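Residues in the sequence shown are numbered from 126 upward in steps of one, following the working numbering. Here a beta-carbon is modelled for each residue, glycine too, at the ideal position from N, C-alpha and C. Just so you know, these numbers come straight off a predicted model, no measurement behind them. Everything on this sheet refers to the single structure shown next.
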Amino acid sequence: MIEILSATELARARETGALVAHILQTLKDRATVGTNLLDIDRWAKDMILEAGAVSCYVDYEPSFGRGPFGHYICTSVNDAVLHGRPRDHTLADGDLLTLDLAVSTGGIAADSAVSFLVGSARPAESVALIDATERALAAAIAVAGPGARIGDLSHAIGTVLGEAGYPINTQFGGHGIGSTMHQDPHVTNTGRPGRGYTLRPGLLLALEPWVMVDTDELVTDADGWTLRSATGCRTAHSEHTVAITDDGAEILTRRTAA
126 MIEILSATEL
136 ARARETGALV
146 AHILQTLKDR
156 ATVGTNLLDI
166 DRWAKDMILE
176 AGAVSCYVDY
186 EPSFGRGPFG
196 HYICTSVNDA
206 VLHGRPRDHT
216 LADGDLLTLD
226 LAVSTGGIAA
236 DSAVSFLVGS
246 ARPAESVALI
256 DATERALAAA
266 IAVAGPGARI
276 GDLSHAIGTV
286 LGEAGYPINT
296 QFGGHGIGST
306 MHQDPHVTNT
316 GRPGRGYTLR
326 PGLLLALEPW
336 VMVDTDELVT
346 DADGWTLRSA
356 TGCRTAHSEH
366 TVAITDDGAE
376 ILTRRTAA
């Protein structure tokens, strides 16, 4: 299903996007050396419920997961890249943490993710990895607009990640979003320009470049959810929900540093 939002629905999407951005930025600021992943999940829960919003993750039960996700945010550390299930783990200096959050307000969802280094350590390889996903996301947003094709966005992402030297997995990628978190069209993280669905004003897309240092293969944890690099290498993931407008793409989940 591909949804095209009305002006009223788009206004609600902006509100949801602003909430997701606020929660993610708050959690990023609070995640320090010694923070437990379960505390991050509890903080996310408190902020979601206080806002009167609905978590897209607690009851999320897709075919690739094992039962309902059961938590309010994805917390992926170092070699974990997607669907990191919060667990009793304390963050250390130099850990690469990815927070991925999706909530719904007024019946419209927004989805965003941010990768960052915890503490003061700045391993060069990790800095470069995060930077590549952020540049790839910016490249996709730059070409998004009415009349563009999904393949144009995929190509923009894949060009940045490929030129940075990273293998690219196409199993998981960006997606349409609206009244539900995951919708068509699927946006792979590499592809051919000029192919696929033609973007229209009112379409919401969650664009999410993610990458692993030296592999495109994933393995699943015993929790049935957390996806890690097959080689144990570090990973990074950047995501924004954008709305296609008459003259381009509007970032609905843009974060503002405190």
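Sixteen is the threshold: since fewer than 16 other Cβ atoms of the shown chains lie within 10 Å of the Cβ of Ile127, the residue is exposed. The beta strand (DSSP E) runs lying completely inside the stretch 221-287 and spanning 3 residues or more are 221-230 and 233-242, given in chain order. Rounded to whole angstroms, the separation of the alpha carbons of Val338 and Glu250 is 8 Å.
Excluding sequence positions up to five before and after Leu377, its CB lies within less than 7 Å of the CB of Ala138, Arg139, Gly142, Ala235, Thr366, Val367 and Ala368, all in the same chain and listed in chain order. Distance from Ala361 to Trp335 at the Cβ level is roughly 7 Å; contact confirmed, criterion being Cβ atoms closer than 8 Å.
For Leu152, the uninterrupted alpha helix (DSSP H) segment begins and ends at Ala132 to Arg155. According to DSSP, residue pairing for Cys199 in a beta bridge involves Asp225. Looking from the CA of Ala246, the closest CA among Thr295, Gly190, Ala281 and Val158 belongs to Val158. Sequence-distant Cβ neighbours of His300 in its own chain, meaning closer than 7 Å and more than five residues away, are His307, Gln308, His311, Val312 and Ala331.
Per the coordinates, the alpha-carbon of Phe194 lies some 6 Å from the alpha-carbon of Tyr182. Between Arg274 and Arg320, the C-beta gap is smaller than 8 Å, which places the two residues in contact. Spatial neighbours of Ile233 in its own chain (CB-CB distance under 7 Å, excluding positions within 5 residues in sequence) are listed in chain order as Glu134, Arg137, Ala138, Thr141, Gly303 and Ser304.
With fewer than 16 neighbouring CB atoms inside 10 Å of its own CB, Gly177 falls in the exposed class. Taking a cut-off of 8 Å for Cβ pairs, the stretch 342-357 and the stretch 145-157 do not touch, as fewer than three such pairs fall below it.
Beta-bridge annotation (DSSP): Arg353 is paired with Ala205 and Val344. If you look at Leu162, you'll find it in the alpha helix (DSSP H) that goes Leu162 to Glu175.
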